[in-house]
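Visitor:
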Amino acid sequence: MLKRLHIRGLSLCLMLLIALVVNAQHPQTSERLNRSGQVTVNAPKELEKRNNANVGKQQQSNSKDKNVKDKKKVESKSDEAKLNELDDDENKDDDKKKDDDKKKDEKKKEEVTPKKPKRNHTSQQTIESRSVGYRIQAYSDNNHKTAKANAQKRARDIAMKFPQYRSYISYKAPSWRLRIGDFKTQREAQAALQRIKSVYPKYAREMVIVRDRINVWSND
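If you're matching positions, the sequence shown starts at 27 in the working numbering and goes up one per residue.
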């Protein structure tokens, strides 16, 4: 009887020892039996620490990813702003170039098309009287197709250089005539004739001084 008890005691001790050894080698979980008979499994502290460390690493990783995304967004915005600035600069350059081209075109146009000189006489001047004097006959032709147009063209040409002299175009069958000026004396007419000839030598042969009825203007 004692031998059996002794064997049982040794068996229990052996089982307890084995249980202790198993718990020491596998500390992952520990079981606790509560009053309701259910088993509650508690994670060991080392496992909690490990899980907390993993959570911390995951949070750090998420934070880094967020920072990288934010940085990329900022860089993207910065690149977009730079592109917008470049576009603005290009637009400004284009506008400046257009303005410069426009100014050049206007300058060329001014060079090609001479400005009309200001006339010394104005529409406010009135004819006080008519008297006998002198004029320069600059054109006369009886070609009914071209004479009038040629007389008008020559009058414009002379007026460009000598706006102080009035031009008179008239028709006396069968010719159209262009006469210049209202000169009281032949000397005044001769001086004006020399000036016009020096500028328009191609018209010189046709130009002669003639007696004519002239206009006496209010401020002459």
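Glycine included, each C-beta is placed from N, C-alpha and C at the ideal position.
#1: Which word fits S224, buried or exposed, when buried means at least 16 other C-beta atoms lie within 10 angstroms of its C-beta?
#2: Does the distance from the C-beta atom of A185 to that of S193 stay below 8 Å?
#3: Could you tell me which residues DSSP puts in a beta bridge with L36?
#4: Going by alpha carbons, who is nearest to F188 out of D238, K228, I222, L204?
#5: To which residues of the same chain is Y160 closer than 8 Å at the C-beta, ignoring the five residues directly before and after it?
#6: Ordered along the chain, which non-local residues of its own chain (more than five positions away) have a Cβ less than 6 Å from that of S155?
#7: Please go through the same chain and pick out, in chain order, the residues whose beta-carbon is closer than 8 Å to the beta-carbon of I153, but skip the five residues on each side of it.
#8: Is it true that the CB of M233 sits closer than 8 Å to the CB of Q163?
#9: Would you list the one or two residues that DSSP bridges to N241?
#10: Is R180 closer than 8 Å to K165 when the C-beta atoms are compared?
#11: Near P227, what residues of its chain come up, given a Cβ to Cβ distance below 7 Å and the 5 sequence neighbours on each side ignored?
#12: May I ask which residues mark the beginning and end of the alpha helix (DSSP H) holding R221?
#13: Based on the DSSP secondary-structure assignment, which residues constitute the bridge partners of D167?
#14: Does the distance from the C-beta atom of D167 to that of A175 stay below 8 Å?
#15: Using the C-alpha atoms, what's the distance from A230 back to K129?
Guide: For this structure:
#1: Stepping through the sequence shown from its first residue, residue 224 is reached at position 198. Burial is judged here by how many other beta carbons sit within 10 angstroms of a residue's own beta carbon; S224 has fewer than 16 and is exposed.
#2: As a first step, residue 185 must be located in the sequence shown, where it is residue number 159. As a first step, residue 193 must be located in the sequence shown, where it is residue number 167. One thing to note: A185 has its Cβ within 8 Å of the Cβ of S193.
#3: Numbered from 1 along the sequence shown, position 10 holds the residue referred to as residue 36. For L36, which the question treats as bridged, DSSP gives no partner whatsoever.
#4: Residue 188 sits at position 162 when you count from the first residue of the sequence shown. For the residues D238, K228, I222, L204, the minimum Cα distance to F188 belongs to I222.
#5: Working through the sequence shown from its first residue, we reach residue 160 at position 134. Taken in chain order, the residues that qualify are G207, F209, K210, T211, Q212, E214, A215, I235, V236, R237, D238, I240.
#6: By one-based count along the sequence shown, residue 155 stands at place 129. Its chain contains V242 as the residues whose beta carbon lies nearer than 6 Å to that of S155, once the 5 sequence neighbours on both sides are disregarded; these appear in chain order.
#7: Within the sequence shown, the letter at position 127 stands for residue 153. Excluding residues within five positions, the ones whose Cβ falls inside 8 Å are N241, V242, W243, S244.
#8: Against the sequence shown, residue 163 aligns to sequence position 137. Against the sequence shown, residue 233 aligns to sequence position 207. Contact annotation: Q163 and M233 have beta-carbon atoms nearer than 8 Å.
#9: Numbered from 1 along the sequence shown, position 215 holds the residue referred to as residue 241. R156.
#10: For the purposes of this step, residue 165 is identified with residue 139 of the sequence shown, where counting begins at 1. For the purposes of this step, residue 180 is identified with residue 154 of the sequence shown, where counting begins at 1. It should be pointed out that residue 165 corresponds to Tyr in this sequence rather than to Lys. Judged by beta-carbon spacing, R180 lies within the 8 Å limit of Y165, meaning their Cβ atoms are closer than that value.
#11: For the purposes of this step, residue 227 is identified with residue 201 of the sequence shown, where counting begins at 1. Cβ neighbours of P227 beyond the five flanking positions: none.
#12: Taking the sequence shown and counting its residues from 1, the one referred to as residue 221 is at position 195. From DSSP, the alpha helix (DSSP H) with R221 extends over 212-225.
#13: Along the sequence shown, read from residue 1 onward, the residue named residue 167 stands at position 141. According to DSSP, D167 bridges with W202.
#14: Residue numbering aside, residue 167 sits at position 141 when the sequence shown is read from its first letter. Residue numbering aside, residue 175 sits at position 149 when the sequence shown is read from its first letter. The beta carbons of D167 and A175 sit no closer together than 8 Å.
#15: Locating residue 129 in the sequence shown gives position 103, where the first residue counts as 1. Locating residue 230 in the sequence shown gives position 204, where the first residue counts as 1. Going from the Cα of K129 to the Cα of A230 covers about 39 Å.
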